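Just below is one structure, and these are the notes that go with it.
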Amino acid sequence: MNQFFTVDVLTTTIASGIALATPFLLAALGETIGQRSGVINLGVDGIMLLGAFSTYYVELQTGNLLLAILAGTATGTLMGVITAFVSVTLKAEQGISGIGVYLFGLGFSSLLFQKLVGTPLPISTLPPVGIPGLDSIPLIGGMFFNQSLLVYLAFLLVPVATFVLNRTTYGLKIKAVGENPAAADSLGVSVALIRWSTVLIGCTFAGLAGAALLMYGGIFQINLTQSEGFIAVALVYFGAWRPVGVMFGSLLYGLVGVVILTWKSLGIIPLSASDLAATAPAVITVLALLFLARRFRQPAVLGRPYEREG
Amino acid sequence: MQRNRDRKLSLGLAAVVVALVAGACSGSSTPAPTVAPSPSPAAAASVAPSPSPAAPASVAPSPSPAPATLKVALVAPSAVNDLAFTQSMVEALNSLKTKYNLDIAISDNQFVVATAANVIQNYASQGYNLVIAHGSQYGSILQQLAPKFPNVSFAWGTAGSTYNLPNVFAYQVNSNEGGFVQGAMAALLSTSKVLGVIGPIAVGDAKLYVDGFCAGAKSIVASITCNPVYTGSFSDVSLMSAAATTFVANKADVLTGTAQAVVGAIGVAKTKNLPWFGTQWTQASLAPSQVVSSQVYNWAPILEQIFATIQAGKLGGATFTATLGNGGEQIQFNPGFNLPANVKAKADELIKGITEGTINVPQ
Numbered sequence: 000m001n002q003f004f005t006v007d008v009l010t011t012t013i014a015s016g017i018a019l020a021t022p023f024l025l026a027a028l029g030e031t032i033g034q035r036s037g038v039i040n041l042g043v044d045g046i047m048l049l050g051a052f053s054t055y056y057v058e059l060q061t062g063n064l065l066l067a068i069l070a071g072t073a074t075g076t077l078m079g080v081i082t083a084f085v086s087v088t089l090k091a092e093q094g095i096s097g098i099g100v101y102l103f104g105l106g107f108s109s110l111l112f113q114k115l116v117g118t119p120l121p122i123s124t125l126p127p128v129g130i131p132g133l134d135s136i137p138l139i140g141g142m143f144f145n146q147s148l149l150v151y152l153a154f155l156l157v158p159v160a161t162f163v164l165n166r167t168t169y170g171l172k173i174k175a176v177g178e179n180p181a182a183a184d185s186l187g188v189s190v191a192l193i194r195w196s197t198v199l200i201g202c203t204f205a206g207l208a209g210a211a212l213l214m215y216g217g218i219f220q221i222n223l224t225q226s227e228g229f230i231a232v233a234l235v236y237f238g239a240w241r242p243v244g245v246m247f248g249s250l251l252y253g254l255v256g257v258v259i260l261t262w263k264s265l266g267i268i269p270l271s272a273s274d275l276a277a278t279a280p281a282v283i284t285v286l287a288l289l290f291l292a293r294r295f296r297q298p299a300v301l302g303r304p305y306e307r308e309g
Numbered sequence: 000m001q002r003n004r005d006r007k008l009s010l011g012l013a014a015v016v017v018a019l020v021a022g023a024c025s026g027s028s029t030p031a032p033t034v035a036p037s038p039s040p041a042a043a044a045s046v047a048p049s050p051s052p053a054a055p056a057s058v059a060p061s062p063s064p065a066p067a068t069l070k071v072a073l074v075a076p077s078a079v080n081d082l083a084f085t086q087s088m089v090e091a092l093n094s095l096k097t098k099y100n101l102d103i104a105i106s107d108n109q110f111v112v113a114t115a116a117n118v119i120q121n122y123a124s125q126g127y128n129l130v131i132a133h134g135s136q137y138g139s140i141l142q143q144l145a146p147k148f149p150n151v152s153f154a155w156g157t158a159g160s161t162y163n164l165p166n167v168f169a170y171q172v173n174s175n176e177g178g179f180v181q182g183a184m185a186a187l188l189s190t191s192k193v194l195g196v197i198g199p200i201a202v203g204d205a206k207l208y209v210d211g212f213c214a215g216a217k218s219i220v221a222s223i224t225c226n227p228v229y230t231g232s233f234s235d236v237s238l239m240s241a242a243a244t245t246f247v248a249n250k251a252d253v254l255t256g257t258a259q260a261v262v263g264a265i266g267v268a269k270t271k272n273l274p275w276f277g278t279q280w281t282q283a284s285l286a287p288s289q290v291v292s293s294q295v296y297n298w299a300p301i302l303e304q305i306f307a308t309i310q311a312g313k314l315g316g317a318t319f320t321a322t323l324g325n326g327g328e329q330i331q332f333n334p335g336f337n338l339p340a341n342v343k344a345k346a347d348e349l350i351k352g353i354t355e356g357t358i359n360v361p362q
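These protein sequence lines are chains Z and E, in that order. Heads up: the first sequence begins at 0 in numbering that gives the first Met the number 0, then just goes up one per residue. Heads up: the second sequence begins at 0 in numbering that gives the first Met the number 0, then just goes up one per residue.
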């Protein structure tokens, strides 16, 4: 165990955990905003897959990382238009339509990968960028301030989302629509418009999450996400529909996963317990979820389409 | 109200139907594989089947006459171009296409076992002479299906059991042999004497390779650190990347890994400019300057034995093992990596010793 508590190992473990948590955080933040307005989107994983593929394909074709990430993000927005149209405008059953979006994303990204790419090729990824003055702080500098720009962006979005939800009129409207859409409607708030906007934001974040996931591995593969989008939805419950809570949930999931890998590589976890240990991130997150879920209440009309009375 | 609920449900279901159509399009079923054939460098003569116990006479099929065209169907869990397990079988089939007048059909990406069962059954009922279920997860399917199609031959692997069925072949690979050679090379290349070894789940050829790799490394440097990490998934690219990054932090300066998801770990080796050893298929294209060598599965000798057995009128009941000795495994050195002469010489010496039986690789 002593080997684990060395500067090099601790720095890399925490830094990797933060990087690994980033796709979860982005997807879960977007889902949080959507769920606060009453829309649950189970298609996050499929949208992440499409975002990841778009990023991969554009990078392969152009070699331009910024353009590739923008393509992944825009793919998320496009999927948001479809999701919002089905869930908000057509008022479809959100659970079923979300599964439909997921299956579409899984199948279509696989199809495009096979037809357009074929043999997988690695792409260049975003390099780590040190923050001047902070990246040289012993231990902490290497852990937190030598990450890629997408990691910084994801964690910056946490206070931004908190501010928007709690300190702006738009945020108040989102929460009002998620708690009592009829009352919000009677006060002149367009429920459909607010929900459209939150679904678009959520799906855009999911596309960006797919781009972040791709940037971590540097290569696309069929079902690249391995259901990370569904874990992101669970992390929204874990975080009690609050951006800061979601951030801690994402960090917990990412860090536990990397700590387990580190312990295996150092021989701290014996080979015989390897497969059991691999389930640790999910088990710990579920246990924490069970403990925390009772303490917070979900948005009152979560998952229910709004129809004006009379 | 009821009408509204029905309408919402219908819309949701319509979305699912659209998605399922897209999903169905992604699992390709191709009668003519697009992967270019590569010549089979190994001879088949030395592959020796180990017969399974005889099946009861009452279930023995009456063998069909040997067909002029051999219709072969392949069902595989990942893509035909995965640079790993599936591609190795596709390439082997293609290399034998002309020689055996093969009519090949391939269904790849059959990672859902229930779906694969339908695909295998369809091929069996469509008159294919041989259906290859290329994955150890398909074993129980064959156990159920094979007795229903006594005139169709089935093969599956990597596995050692034919379930005592007269129309089932099994094939396996001694990946520990190539692992041993590459592990020894890794120990010679490593200056930190810490190796990074990543696997999916500790089963089958993945475990054999990992165990062989560490045994080979320890045969050169007994004190070398070789703690394998099993991520728990064959396809989680991110976790494989994270494992590789972790190893590098722990001073590992040579990396290897097995499973389709190692592409993520190879990316780490490329970024950090560390030597990488591949397995299952050549991975030099992923990191042309970092891949030292790859243990390549060459299923052609095994397939030739299976074809010959079928054409002789026997539809199964034997297990075949690919080894360095019979050409079922080969170590392909990457010319793009500047391998020191002493390391190459050691590798050649080990390959020769294992092939000739003077070196026994621990299982």
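Glycine is no exception: its CB is placed at the ideal position from the N, C-alpha and C atoms. On a predicted model such as this, the values are computed, not experimentally measured, just so you know.
Let me see if you follow: with CB-CB separation under 7 Å, is residue i close to chain E or not?
i: proline 269 of chain Z; result: no
i: leucine 250 of chain Z; result: no
i: proline 180 of chain Z; result: no
i: serine 385 of chain Z; result: Coverage of chain Z is limited to positions 0 through 309, which leaves residue 385 of chain Z absent and any answer about it impossible.
i: proline 121 of chain Z; result: yes
Just the C-alpha distance for residue i and residue j, rounded to the nearest angstrom, thanks.
i: lysine 345 of chain E; j: glutamine 181 of chain E; result: 10 Å
i: asparagine 249 of chain E; j: serine 135 of chain E; result: 33 Å
i: glycine 356 of chain E; j: glycine 324 of chain E; result: 8 Å
i: alanine 191 of chain Z; j: leucine 92 of chain E; result: 56 Å
i: arginine 296 of chain Z; j: tyrosine 208 of chain E; result: 50 Å
i: leucine 152 of chain Z; j: serine 271 of chain Z; result: 39 Å
i: proline 280 of chain Z; j: alanine 210 of chain Z; result: 22 Å
i: alanine 328 of chain E; j: glycine 99 of chain Z; result: A quick correction: the sequence has glutamate, not alanine, at residue 328 of chain E. Their Cα atoms are separated by approximately 43 Å.
i: leucine 200 of chain E; j: glycine 104 of chain Z; result: Note on residue identity: the sequence assigns isoleucine, not leucine, to residue 200 of chain E. Looking at the two C-alpha atoms, the distance is approximately 27 Å.
i: proline 137 of chain Z; j: asparagine 145 of chain Z; result: 12 Å
i: lysine 147 of chain E; j: alanine 158 of chain E; result: 21 Å
i: proline 165 of chain E; j: glycine 315 of chain E; result: 5 Å
i: glycine 402 of chain E; j: tryptophan 155 of chain E; result: One cannot answer for residue 402 of chain E here, as it falls past the ends of chain E, which runs 0 to 362.
i: alanine 214 of chain E; j: isoleucine 223 of chain E; result: 10 Å
i: asparagine 403 of chain E; j: glycine 326 of chain E; result: Residue 403 of chain E lies beyond the range of chain E shown here (0 to 362); nothing can be said about it.
i: proline 30 of chain E; j: alanine 299 of chain E; result: Unreliable placement is indicated for proline 30 of chain E, whose pLDDT of 41 sits below 50; no coordinate value is reported for it.
i: tyrosine 236 of chain Z; j: isoleucine 283 of chain Z; result: 14 Å
i: alanine 51 of chain Z; j: threonine 124 of chain Z; result: 13 Å
Are there 16 or more other CB atoms within 10 angstroms of the CB of residue i, so buried, or fewer, so exposed?
i: lysine 263 of chain Z; result: buried
i: threonine 118 of chain Z; result: exposed
i: tyrosine 305 of chain Z; result: buried
i: phenylalanine 219 of chain Z; result: buried
i: phenylalanine 162 of chain Z; result: exposed
i: lysine 98 of chain E; result: exposed
i: aspartate 347 of chain E; result: exposed
i: glutamate 308 of chain Z; result: exposed
i: threonine 270 of chain E; result: buried
At a cut-off of 6 Å, is residue i close to the ligand ZN when judged by its beta-carbon and the heavy atoms of the ligand?
i: valine 176 of chain Z; result: As far as ligands go, the structure on display features none, and thus does not contain the ligand ZN.
What do you reckon, are the CB atoms on residue i and residue j nearer than 7 Å?
i: alanine 83 of chain Z; j: valine 176 of chain Z; result: no
i: glutamine 282 of chain E; j: alanine 268 of chain E; result: no
i: aspartate 44 of chain Z; j: glycine 228 of chain Z; result: yes
i: threonine 54 of chain Z; j: glycine 71 of chain Z; result: yes
i: methionine 142 of chain Z; j: alanine 14 of chain Z; result: yes
i: alanine 299 of chain Z; j: glutamate 178 of chain Z; result: yes
i: isoleucine 309 of chain E; j: serine 152 of chain E; result: yes
i: asparagine 175 of chain E; j: aspartate 210 of chain E; result: yes
Just checking: is the beta-carbon of residue i within a distance shorter than 7 Å of some beta-carbon in chain Z?
i: alanine 42 of chain E; result: A caution first: alanine 42 of chain E carries a pLDDT of 33, below 50, which makes its placement in the model unreliable, though a value can still be read off. Cβ-Cβ to chain Z under 7 Å: no for alanine 42 of chain E.
i: valine 228 of chain E; result: yes
i: leucine 273 of chain E; result: no
i: lysine 217 of chain E; result: no
i: threonine 255 of chain E; result: no
i: glycine 266 of chain E; result: yes
i: proline 30 of chain E; result: Below a pLDDT of 50, predicted positions are generally treated as unreliable, and proline 30 of chain E, at 41, falls in that range; no measurement from the model is reported.
i: threonine 281 of chain E; result: no
So residue i and residue j are in contact, right, with Cβ under 8 Å, and what is the actual spacing, rounded?
i: serine 77 of chain E; j: glutamine 259 of chain E; result: 5 Å
i: glycine 437 of chain E; j: isoleucine 330 of chain E; result: The shown model of chain E, from 0 to 362, leaves out residue 437 of chain E, and the question about it has no answer.
i: valine 71 of chain E; j: isoleucine 140 of chain E; result: About 18 Å separates the two Cβ atoms, so there is no contact after all.
i: valine 74 of chain E; j: alanine 115 of chain E; result: 5 Å
i: phenylalanine 276 of chain E; j: valine 291 of chain E; result: 6 Å
i: leucine 285 of chain E; j: valine 262 of chain E; result: 6 Å
i: leucine 188 of chain E; j: valine 342 of chain E; result: 6 Å
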